[in-house]
Structures are given as C-alpha cells and as structure tokens.
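A quick write-up on the structure given underneath.
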Amino acid sequence: MKHEDIWRAIDTLAAENGLSASGLAKRSGLDPTTFNPSKRRMPDGRARWPSTESVAKVLDATGASLESFTSLVSGARALSSGGAPRSVARRVPLIGLAQAGGEGYFDDGGYPVGGGWDEVSLPEIADPNAYALEISGDSMEPVFRDGDLVIVSPSAPIRRGDRVVVRTLGGEVMAKQLARRSARRVELKSLNPEHPDYSFDLTDVAWIHRIVWASQ
Numbered sequence: 008m009k010h011e012d013i014w015r016a017i018d019t020l021a022a023e024n025g026l027s028a029s030g031l032a033k034r035s036g037l038d039p040t041t042f043n044p045s046k047r048r049m050p051d052g053r054a055r056w057p058s059t060e061s062v063a064k065v066l067d068a069t070g071a072s073l074e075s076f077t078s079l080v081s082g083a084r085a086l087s088s089g090g091a092p093r094s095v096a097r098r099v100p101l102i103g104l105a106q107a108g109g110e111g112y113f114d115d116g117g118y119p120v121g122g123g124w125d126e127v128s129l130p131e132i133a134d135p136n137a138y139a140l141e142i143s144g145d146s147m148e149p150v151f152r153d154g155d156l157v158i159v160s161p162s163a164p165i166r167r168g169d170r171v172v173v174r175t176l177g178g179e180v181m182a183k184q185l186a187r188r189s190a191r192r193v194e195l196k197s198l199n200p201e202h203p204d205y206s207f208d209l210t211d212v213a214w215i216h217r218i219v220w221a222s223q
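Just add 7 to wherever you are in the sequence shown, counting from 1, and you've got this note's numbering.
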C-alpha cells in the first residue's frame, strides 16, 4: 500500500460523489483543507498519511464500505460479492476496447456519441459522461483481464499511477497505467511485463480518461 494510492482512493471517492477533495472533507465533518495537496506532505517532504479517523468519517459520509475503499486503493473499484448491492443510478454506453478506436464513437472532446454503443447498468458515479469499455487482451493482467468491464470517467482527476484509457490522434485506444505526464510527453505502463510500455508526445494524444470502477 503506497502513500499516493491512499490519496488517489480519497480523490476517487470525492469525484464519484461530485465533490472536490475539500468538499469531501467538509461533508465528512473535517476541516475543508484536510485533504488539500499541500497537506499530503510534511514541511520536510515526508509523506503525511490520512488518519484512520479521517478515512472512517469519509466512508460514513459517502456510504462507501471499507472493502470498496480498499479496492480503490488498489486502483479500481471491484463489485462486492456480498452485502447489499449498490444502487443503480442509470445505464451508460458500452463498447469493446478494440472497437473504441473506430470512427464515430467519440466526439472531439472524448465523450461517447453515436448509435453503436450497447448499454450497461452503472453503480452510482457522478460524472454524467462516464462510459464503459470491455477489456480485450492481456496487457493489463493481473489487474484487468480479458472480458472485464471498466467504467471510465472523463472528468475524474488523473495522477501518476492511475489506470487510464488513452486515445491517440491516430485512433489507437489502450488501457494502461499512467507512469508519467510532463508538459510535452506522456509515458504509459503495461501492467503485464510481457507487454511493452509506451511513450507519446502530448500533441499525439487525443485524450486521457481515468478508470474509476471495474467488474472483476
């Protein structure tokens, strides 16, 4: 468990509930600055971890379970095998990852358009432009396997280490882990070591969207 993974999980819970990090802190009864990026490091640069009390208050405020929070820490929300199912807010467009590189599925902003999509029921996620992809291939094993469904949020904040879906201007679409993004380049990692990593100029990337949920 890494420092950045814990903070990413908190940021994801905030995004799924339509909140900023400070908005989530306020809803949880905490000081609004508790989760600010400036509070995530000590003055000497050492990592500052959220307290167990803060995490407990966040889970209570959002209705998330400890199991679902743990799944977010690992990089994806997994469907719970027990307990009450999460409420279904709506249905979202679904296509296969291999199809996503075709013309007519996304507009210039990277939002799903056109009539070639199927639909899938979506656990409650705030982003109205969220969509689902069916993973194909084994480049993301063991995190995502062939046939897994992932929910992608165009509006979710993206940080180093996040699992993302990337589309290039050439029409190639891939699910990878964001290794690094600078002002000029983006570096992507295949979680399966048998597959190559990628590096692109940002001018060659149409969009990068974060994976916020997965059925596994």
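Yeah, the Cβ is synthetic: ideal placement off N, Cα and C, and Gly gets one too.
query = Is Gly111 helix, strand or coil when you go by DSSP?
reply = DSSP places Gly111 in coil when its eight states are reduced to three.
inquiry  = With a threshold of 8 Å, are at least 3 pairs of Cβ atoms found where one atom belongs to the region 171 to 187 and the other to the region 201 to 212?
reply    = These segments touch.
ask   = Helix, strand or coil: how does DSSP classify Val80 here?
value = Per DSSP, reduced to three states, the secondary structure at Val80 is helical.
ask   = What did DSSP end up calling Ser160 once you bin it into helix, strand or coil?
value = Strand, per DSSP.
inquiry  = Pop quiz: Val219 and Thr19 are said to be a contact at Cβ under 8 Å. What is the actual Cβ separation, rounded to whole angstroms?
reply    = Contact flag correct, Cβ pair sits at about 6 Å.
task = Quick one: grab the DSSP three-state call for Arg34.
result = It is helical.
ask   = Mind checking whether Val80 and Ala16 have CB atoms under 7 Å apart?
value = Result yes, Cβ atoms of Val80 and Ala16 sit closer than 7 Å.
ask   = From Ser45 to His10, what does the alpha carbon distance come to, in whole angstroms?
value = Ser45 and His10 have their C-alpha atoms some 14 Å from each other.
query = Expressed to the nearest angstrom, what Euclidean distance is found between the alpha-carbon atoms of Arg98 and Ala22?
reply = Cα to Cα, the separation comes out at about 18 Å.
key: Of the listed residues Asn199, Lys183, Val62 and Ser35, nearest to Arg167 (C-alpha basis)   = If we check each option's Cα against that of Arg167, Lys183 comes out closest.
inquiry  = On the CB-based measure, 16 or more other CB atoms within 10 Å of its CB, does Arg48 come out buried or exposed?
reply    = Exposed, by the Cβ-count rule.
task = Specify, as a first and last residue, the run of the beta strand (DSSP E) that Ala186 falls within.
result = In the DSSP annotation of this structure, the continuous segment of the beta strand (DSSP E) that includes Ala186 starts and ends at Val180 to Arg188.
message = Quick check: Ser143 and Ser197, are their CB atoms within less than 7 Å of each other?
response = Going by C-beta atoms, Ser143 is not nearer than 7 Å to Ser197.
request  = Select from Tyr118, Ala54 and Ser162 the residue whose C-alpha is nearest the C-alpha of Asn24.
outcome  = Measuring from the Cα of Asn24, the nearest candidate turns out to be Ser162.
ask   = Does DSSP classify Ile17 as helix, strand or coil?
value = Helix, per DSSP.
Environment of Thr41 [buried if 16+ CB atoms lie within 10 Å] = Buried, since its Cβ has 16 or more Cβ neighbours within 10 Å.
ask   = Using the rule of at least 16 other Cβ atoms within 10 Å of the residue's Cβ for burial, across every protein chain shown, is Asp134 buried or exposed?
value = Burial call: buried.
query = Leaving out five residues before and five after Ser27 in sequence, what residues of the same chain have Cβ atoms less than 8 Å from its Cβ?
reply = Around Ser27: Ala21.
task = Report the rounded CA-to-CA distance for Arg193 versus Leu31, giving the unit in angstroms.
result = Strictly speaking, residue 193 in this sequence is Val, with Arg absent from that position. Separation of Val193 and Leu31 (C-alpha to C-alpha, rounded to the nearest whole angstrom) is 29 Å.
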